[in-house]
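Following: one structure in structure tokens, then a few remarks.
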Amino acid sequence: MNPKQKTQNDIAWEALFIKYDILNRIGACGQYIISADQIKEFREPRLMVKFDHHINLPLVFSNNHLAILPVSRRDYVISNFKAYQLFESRNDTIIRATLPTHIQSLDANEVPSENVAINCALASGMFADFLNEETLYPTVSGRMGSGRFNFDILNSRTGTFFNMQINNSQIEIDAAFEGIASLALIEAKRDLSADFLIRQLYYPYRVWESRLSKKVKPIFLVYSNGIYRLYEYEFQNSAIYNSLVLIKHKNYAIEDTSIEMSDLIEEAAQISQVVPEPEISFPQADSFERVINMCELLSHQELSRDAVTEKYAFDIRQTNYYTDAGRYLGLIEKKYNGKKPIYYLTKYGRRIMRLNYKKRQLALCRCILQHRIFFNVFSFCQQYGSLPDRTTIVKIMKSSDLYNIESESTYLRRASTVSGWINWMFGLIS
Numbered sequence: 359m360n361p362k363q364k365t366q367n368d369i370a371w372e373a374l375f376i377k378y379d380i381l382n383r384i385g386a387c388g389q390y391i392i393s394a395d396q397i398k399e400f401r402e403p404r405l406m407v408k409f410d411h412h413i414n415l416p417l418v419f420s421n422n423h424l425a426i427l428p429v430s431r432r433d434y435v436i437s438n439f440k441a442y443q444l445f446e447s448r449n450d451t452i453i454r455a456t457l458p459t460h461i462q463s464l465d466a467n468e469v470p471s472e473n474v475a476i477n478c479a480l481a482s483g484m485f486a487d488f489l490n491e492e493t494l495y496p497t498v499s500g501r502m503g504s505g506r507f508n509f510d511i512l513n514s515r516t517g518t519f520f521n522m523q524i525n526n527s528q529i530e531i532d533a534a535f536e537g538i539a540s541l542a543l544i545e546a547k548r549d550l551s552a553d554f555l556i557r558q559l560y561y562p563y564r565v566w567e568s569r570l571s572k573k574v575k576p577i578f579l580v581y582s583n584g585i586y587r588l589y590e591y592e593f594q595n596s597a598i599y600n601s602l603v604l605i606k607h608k609n610y611a612i613e614d615t616s617i618e619m620s621d622l623i624e625e626a627a628q629i630s631q632v633v634p635e636p637e638i639s640f641p642q643a644d645s646f647e648r649v650i651n652m653c654e655l656l657s658h659q660e661l662s663r664d665a666v667t668e669k670y671a672f673d674i675r676q677t678n679y680y681t682d683a684g685r686y687l688g689l690i691e692k693k694y695n696g697k698k699p700i701y702y703l704t705k706y707g708r709r710i711m712r713l714n715y716k717k718r719q720l721a722l723c724r725c726i727l728q729h730r731i732f733f734n735v736f737s738f739c740q741q742y743g744s745l746p747d748r749t750t751i752v753k754i755m756k757s758s759d760l761y762n763i764e765s766e767s768t769y770l771r772r773a774s775t776v777s778g779w780i781n782w783m784f785g786l787i788s
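Residues in the sequence shown are numbered from 359 upward in steps of one, following the working numbering.
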């Protein structure tokens, strides 16, 4: 990666590794314990140790297969931990839920935070259905101490286990719901990602499984674009950090998600003229779900490039790719604070993101189809009943006046965006 693309965390951690000779200390002892006071010499600790996804790790960590975990309120251990877990393949079926008619303070079209997503999921009965509990009561939540416990964690390089001693580390529980048979500990996110930090489930689980006689269920809720994705995990051995397995996964929606092929054809038919290609690099952003997710994250606040990169499951290149994809579609705009790029939704983008699920998806389809390349590939699919192969997509791209694509290899890479976005559109069909 170009040094100019490093985040503030990258720079600060590199300085810490040099000052305290951390790599050599890990090589000699297998770990390095670093204090919040040491970290604060270079940057605020709360900004330096929160890496919810593997991709958020600073370069010096990812390049050396390292991770960091808290062991107390003031100390952290750096080592070759296998600290993250991939989300497994998703079940595409969506179960319809409904908010009670007397609930006026929750709006299914306006879910600005994890807390509101949790409240919608509870009020609509998603949690009760998912947990097989007739009645649920909100109980423990917020920040608390972990107490003392120890566990084994897998070393990502040697395949052996390393023992960790935890002494009153801070934990945070987004929500907890107790029923007759179980206590569900909820970790909620609004950003789509490939993986998650196991600690977010494991530390709260260890605290509460030792205190209760009933089953403790670690639950992950991911909310994006009107879909509530619920994952139930189980630690098969409570003393082993890496022993979690996925037990169950379901998707829910409060809004109507029924979209037919005829809806997509109608959107395409309403496009009388394609828009001129913007002078923005043609997108390299294969997942259109993440383009939408980026728009959601910007719908309530402007964010700098560093803030997007550090808060969510992106590296700097992905931040550039996905914000450029939003700009290409006219949904996101960029301005500068000094030399720092700041991203925000356009009026057009805000209007689309306020629509209900079905209207929002169809409006986004129209955003895509207004560009000649996507309109022509969609027309090919209608004519031949399947997506064209990559060679054919490249031929269509070359006849579509795309901006600033010259090499054959670039055409091939960008072709995956075309197929990814068209596949997203067809994936909407009930």
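Just so it is clear, CB atoms sit at the ideal spot from N, CA and C, and this is done for glycine as well.
Backbone secondary structure at residue i - three-state DSSP
i    : result
V735 : helix
S596 : coil
Y434 : strand
N781 : helix
L555 : strand
L745 : coil
L687 : coil
L720 : helix
L374 : helix
S774 : helix
R709 : helix
Cross-strand partners of residue i (DSSP beta bridge)
i    : result
N477 : BP columns for N477 are empty, so no partner.
S571 : For S571, which the question treats as bridged, DSSP gives no partner whatsoever.
V580 : K547 and R587
I751 : Paired residues: none, contrary to the question.
I787 : I617
Residue range of the unbroken alpha helix (DSSP H) whose run includes residue i
i    : result
A386 : I380 to C387
Y761 : Unbroken run through Y761: none, as it is neither H nor E.
I391 : It is not in any alpha helix (DSSP H) - I391 instead sits in the beta strand (DSSP E) that spans Y390 to S393.
Q728 : Counting along the chain, Q728 falls outside any alpha helix (DSSP H), and DSSP gives it neither H nor E.
Among the options, the one whose alpha carbon lies nearest that of residue i
i    : options                   : result
S514 : V474, Y679, L424 and K705 : L424
V574 : F439, L489 and N600       : L489
F579 : E472, N678 and N525       : For the sequence presented, residue 579 should be read as Leu rather than Phe. It is E472 whose Cα lies nearest to the Cα of L579.
K697 : R663, I426, P641 and L374 : R663
L550 : N521, V735 and N583       : N583
I524 : R506, T459, L405 and Y694 : R506
S527 : E567, Y434 and E635       : Y434
T749 : R771, S737 and R730       : R771
P519 : E530, L444 and S601       : The residue you asked about is not Pro; residue 519 is Phe in the sequence shown. The residue with the shortest Cα to Cα distance from F519 is S601.
S437 : I392, V474 and E446       : I392
Y561 : E530, A539 and E590       : E530
R501 : V565, Y715 and E468       : V565
I623 : F672, F736 and D368       : F736
The beta strand (DSSP E) enclosing residue i, as first and last residue numbers
i    : result
K692 : I690 to N695
V603 : L602 to A611
E545 : S540 to K547
K364 : Element bounds for K364: n/a, residue is neither H nor E.
Y702 : K698 to L703
Any non-hydrogen atom of the ligand SAM within 7 Å of residue i CB
i    : result
S582 : With respect to small molecules bound, the structure shown includes none, and the ligand SAM cannot be examined in it.
| request: Scan the region 481 to 538 and note each continuous beta strand (DSSP E) run of 3 residues or more that stays entirely inside, going in chain order. | output: If we require 3 residues or more, the beta strand (DSSP E) runs fully inside the region 481 to 538 come out as 500 to 503, 506 to 512, 519 to 525, 528 to 531 and 533 to 536.
| query | What are the start and end residues of each continuous alpha helix (DSSP H) run of 4 or more residues lying completely inside the region 616 to 684, in chain order? | reply | Entirely contained in the region 616 to 684, the alpha helix (DSSP H) runs reaching 4 residues are, in chain order, 619 to 627, 646 to 656 and 663 to 669.
| task | Return the chain-ordered ranges of every beta strand (DSSP E) run that is complete within the region 402 to 474 and spans a minimum of 3 residues. | result | Contiguous beta strand (DSSP E) elements confined to the region 402 to 474 occur at 425 to 428, 433 to 437, 442 to 444 and 452 to 454, taking only those with 3 or more residues.
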